[in-house]
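Taken in order, these protein sequences are the chains called A and B.
Mapping the first sequence onto the working numbering, position 98 (from 1) lands on 98, and the numbers just tick up by one.
For any residue, its number in the working numbering is found by taking its place in the second sequence, counting from 1, and adding 1000.
Note that CB positions come from ideal geometry on N, CA and C, so glycine has one too.
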Amino acid sequence: MRHTISLLVENKFGVQARIANLFSGKGYNMDSICVGETENPELSRMTIVTQGDDMVIEQIIKQLNRLINVIKVVDLTYEEHINRELALIKLSCTASTRSSIVQITDIFQAKIVDISPKTLSIEVTGGNKKVQACISMLQPFGIKEIARTGIVALKREYTGKSPDWSSSKMPA
Amino acid sequence: MQRVKEKESGKKVRAGKKERLSGSEILIRSLIEENVNHIFGYPGGVVIPVFDTLYNLPRPKVVLCRHEQGAQHMADGYARASGKTGVCLVTSGPGATNLVTGIATSFMDSIPVVCITGQVARAAIGNDAFQEVDIIGITRPITKHSYLVRDVADLARTVKEAFYIASTGRPGPVLIDIPKDVFLSESEFEYPDTVDIPGFKPTEHGHIQQIKKAAEVMAQAKRPVLYVGGGCNSSNASAELTELAHKAGIPVTTTLLGLGAFPEDDPLSLGMLGMHGTWYANMAVNESDLLIAVGSRFDDRVTGKLDAFAPKASVIHIDVDPASISKNIKVDYPIVGNCKKVLKTLLPLTKKADTADWLNMIDHWKKTHPLKYKKGERVKPQYVIESIHKICGGDTVISTDVGQHQMFVALHYKFLKPRTLLTSGGLGTMGFGFPAAIGAALASPDKKVVAIIGDGGFQMTVQEVATAVSQRLNLIVAILNNGFLGMVRQWQELFFGKRYSHTCLEYTNPDFTKLVEAYGAKGMKVEKYDEVIPVLKKAMKVKNCPVFIDFHVDRHENVYPMIPPGQMATDIIE
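In structure tokens, the structure reads:
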């Protein structure tokens, strides 16, 4: 099963290498890793998407916790969370296909960020599935290059029980 | 180094009065603050400033090894025997890479060691400079943590953190890499009193509800077994463990690293379990309904076939490292915490379990399946080990190398006290036993230290004879010389149709007595049964000089009992 793990780590030299080393040394899967500074410049947040059965995921979390530079590890998979990814997609484009591409871009609320006589570059953000769907829709036009950031994720603050939406008190 | 000497002579320089010192002075002052008495080291280009600071300094004493691997093993043996953190100091490049086997040994067995390596000057890092190597990168998977000190102002705090991390929680090796120009630049020195590492807050006290639950389960068990590992030795939990076993009436089996944590002359002792464990220890685990793992990690040499290990038992696991729990087998009652502290909390809650029938059964097994070996014409290694136990007594520190002799020691030497066996269990490092014994002899000058090693392993770190001689150590080295890489030969005999591919050393082995005498040590030779005891007695009388005894033992002897690899307890060969 896919798991999204969020890490708070010290923003120090070699921390990413330690984490990458742990995954390769222990043979864990790593679908994506994403890192950036947080509101506190001494800390970075890292989002790792990985796969494995429950025992493997438990080990991954425990092993990450063992690293001295890792301050906090949260498996977001079973929590309400927001996850986003950004993809840059460069595709072949002619005068005849341009308007169809623009239409698809609009549907996905994506942006055209570069244009040339034969290509278009599109920026799309969203959850993993949305980005994947956008790429699939653009595939027939001829994708030349793709760059993806990998998932970044944060826990949702509203974690109370979902209100009963079926109740008649809800506005229509 | 006047300033360090002043500190040495007791004139305490405390906070408030900051001094300006060079990086190498700060390093040594920090080591003195950590009560380091011995540094195992080897000089080289970039660490000359540090060795210069150490010149003529009474403390810390530098023990000059003859190869950096020896330095790391000595620091490791020093730590295992004393419980203090070992320290080694080597130069950059080849000096640092020579530590690698030793660091991995310490890492696998959770031994606290601080390894200090020199590095090329900051500006040269990354330029393939002379004797430059990325030792942080090389050792990342085999250290608990590591530091590259890029600013002399961080040096004292780094040393403080390194010692704290190495010795706290699950112990392990920590490496500090220091560039040459950091040794030479100056900063104000103030040794911090405390550390604050946000990502390192090990749980020491077990969760009380979990401990209560464990006590309840233990009281109800009919066939419980305590399965004790190195965590009991490293947390000095031997007394608590012994009390617990007696109070609850639970038999105790130990892993290789757990030997000594529970006295083997106790009726509740089952000896070692696992691949070469006793018949009754393995059978007890196989039949048990409750396995209480204390500071052990369900290593494959203990469990054999995982799904057939302790098939009828529920499992309580006490360990300071959460990652050890439920790693190999699913644990029913996990307790994260320091073994000593958890056992202390558990003790008053412990009730006597109804184990009379179980203990009778175990006694019956002990009588019907004792450890045994046949006496033959050639001296048997088991006999040598029993004789060492008889002559050298219970307080002696034994270190071993890796292979058949190691298993013979584990089975036939009766360990009575904690920290009396130093052995490379996890990594299985040949060449460890002899230098580790040097470290132990320096850590405990009042104790006798005996290294029991093979003829193969001895030649991997034989150069350290010079170190042992130069330190005038009270050290006996028993070489169980069978002219073979015995354990590999045993596997070749049992599993590879007696095709002894490249395991015979006999025709090219040196005359070990002559070899050690060339270094200035004492050499003795034993070829017959009736020489064993007299020669050992003679060796015990030698003072301030290492004695090497070349025991020519039966080359065809195998280690039994044995559970063939990947099989289960009931497949045991006696």
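Under 8 Å between the Cβ atoms of residue i and residue j?
i	j	result
K1352 (chain B)	K1247 (chain B)	yes
V15 (chain A)	N65 (chain A)	no
M137 (chain A)	I104 (chain A)	yes
G1431 (chain B)	L1416 (chain B)	no
I1138 (chain B)	C1088 (chain B)	no
I1136 (chain B)	L1155 (chain B)	no
K1341 (chain B)	H1205 (chain B)	yes
Q1459 (chain B)	Q1404 (chain B)	no
T119 (chain A)	K90 (chain A)	yes
A1310 (chain B)	S1288 (chain B)	yes
G1086 (chain B)	P1049 (chain B)	no
A1284 (chain B)	M1568 (chain B)	no
K1447 (chain B)	T1396 (chain B)	yes
T1091 (chain B)	P1060 (chain B)	no
K1160 (chain B)	S1024 (chain B)	no
T1461 (chain B)	P1435 (chain B)	yes
Checking contacts by CB at 8 Å: is residue i closer than that to chain B?
i	result
A95 (chain A)	no
R18 (chain A)	yes
N69 (chain A)	yes
G25 (chain A)	yes
G150 (chain A)	no
L7 (chain A)	no
N21 (chain A)	yes
E10 (chain A)	yes
Got a sec? Which residues, its chain only, sit under 7 Å from residue i by beta carbon, not counting five neighbours each side?
i	result
D1584 (chain B)	No statement about residue 1584 (chain B) is possible, as the shown extent of chain B runs from 1001 to 1574 and does not include it.
G1231 (chain B)	V1294, G1295, S1296, D1319, V1320 and C1339
L1346 (chain B)	I1211, A1214, A1215 and L1244
H1389 (chain B)	Y1413 and K1414
A1153 (chain B)	S1187
Y1500 (chain B)	R1489 and Q1492
Y1164 (chain B)	V1195
E1264 (chain B)	G1271, K1414, F1415 and L1416
E37 (chain A)	N11 and S44
If the cut is a Cβ gap below 7 Å, which residues of chain B does residue i touch?
i	result
Q63 (chain A)	A1323
G179 (chain A)	Outside the displayed range of chain A (1 to 172) lies residue 179 (chain A), so it cannot be described from this structure.
R45 (chain A)	Result: empty, since nearest Cβ-Cβ is about 14 Å, beyond 7 Å.
R2 (chain A)	Within chain B, no residue comes near R2 (chain A); the closest Cβ sits about 21 Å away, beyond 7 Å.
Tell me, please, whether the CB atom of residue i is closer than 8 Å to any CB atom in chain A?
i	result
F1200 (chain B)	yes
A1015 (chain B)	Here A1015 (chain B) scores only 48 on pLDDT, less than 50, and its place in the model should not be relied on; the value that follows carries that caveat. So no, A1015 (chain B) is outside the interface.
E1006 (chain B)	Annotation note: pLDDT 48 at E1006 (chain B) (below 50); position unreliable, coordinate value reported separately. Not closer than 8 Å to any Cβ of chain A, the Cβ of E1006 (chain B) fails to qualify, so no.
H1145 (chain B)	yes
Q1140 (chain B)	Reading off the sequence shown, one finds Arg at residue 1140 (chain B), where the question assumed Gln. Yes, because at least one Cβ of chain A sits closer than 8 Å to the Cβ of R1140 (chain B).
I1116 (chain B)	no
I1165 (chain B)	yes
Can you pull the chain A neighbours of residue i, defined as C-beta to C-beta under 9 Å?
i	result
R1419 (chain B)	Correct list: empty, because the minimum Cβ distance to chain A is about 25 Å.
Chain A partners of residue i, CB-CB under 7 Å?
i	result
K1327 (chain B)	Q59
Skipping 5 residues on each side, what residues in its chain have a beta carbon closer than 8 Å to that of residue i?
i	result
V113 (chain A)	L88, S121, I122 and E123
T1255 (chain B)	Y1227, V1228, G1229, G1230, M1272, L1273, G1274, S1296, D1299, V1302 and G1425
N1481 (chain B)	G1454, D1455, N1509, F1512, D1550, F1551, H1552 and V1553
A1521 (chain B)	V1465, A1468, V1469, C1545, P1546, V1547 and F1548
Taking Cβ-Cβ distances shorter than 8 Å, what residues in chain A pair up with residue i?
i	result
I1111 (chain B)	Those do not exist, as I1111 (chain B) stays about 16 Å from chain A at its closest Cβ, beyond 8 Å.
I1197 (chain B)	I68
Skipping 5 residues on each side, what residues in its chain have a beta carbon closer than 6 Å to that of residue i?
i	result
E1506 (chain B)	G1483
P1565 (chain B)	none
G1010 (chain B)	Because the pLDDT at G1010 (chain B) is just 43, under 50, the model does not fix this residue reliably, and the value given afterwards should be weighed accordingly. None.
Y1529 (chain B)	V1379
L1421 (chain B)	L1259, G1260, I1398 and F1415
G1486 (chain B)	G1403 and Q1404
P117 (chain A)	none
V1062 (chain B)	I1039, G1041 and L1054
K72 (chain A)	L8
I want to verify the contact list: residues of chain B whose CB lies under 9 Å from the CB of residue i, in sequence order.
i	result
N40 (chain A)	Chain B residues near N40 (chain A): none, gap ~11 Å exceeds 9 Å.
Closer than 7 Å: is that where the CB of residue i sits relative to any heavy atom of the ligand FAD?
i	result
P1094 (chain B)	Among the components modelled here there is no ligand, and therefore nothing to report on the ligand FAD.
List in chain order: all unbroken beta strand (DSSP E) runs of 3+ residues lying wholly within the stretch 103-144 of chain A.
Whole beta strand (DSSP E) segments, 3+ residues: 111-115 and 119-126.
Would you mind listing the beta strand (DSSP E) stretches within the stretch 6-68 of chain A that are 3+ residues and don't spill past its ends, in chain order?
With a minimum length of 3 residues, the continuous beta strand (DSSP E) runs that stay inside the stretch 6-68 of chain A are 32-37 and 43-51.
Going residue by residue through the stretch 1281-1366 of chain B, where are the continuous beta strand (DSSP E) segments of at least 3 residues, counting only ones entirely within it?
Taken in chain order, the whole beta strand (DSSP E) runs of length 3 or more contained in the stretch 1281-1366 of chain B are 1290-1294, 1314-1319 and 1333-1336.
Suppose only complete runs of 4+ residues qualify. What are the alpha helix (DSSP H) ranges in the stretch 1067-1144 of chain B, listed by chain order?
The stretch 1067-1144 of chain B contains these whole alpha helix (DSSP H) runs: 1068-1082, 1094-1097, 1100-1108 and 1135-1139.
If you scan the stretch 1185-1248 of chain B from start to end, which runs of the beta strand (DSSP E) of 3 or more residues do you find wholly inside it?
Annotation: the stretch 1185-1248 of chain B contains the following complete segments of the beta strand (DSSP E) (minimum length 3 residues), in chain order: 1186-1189 and 1224-1228.
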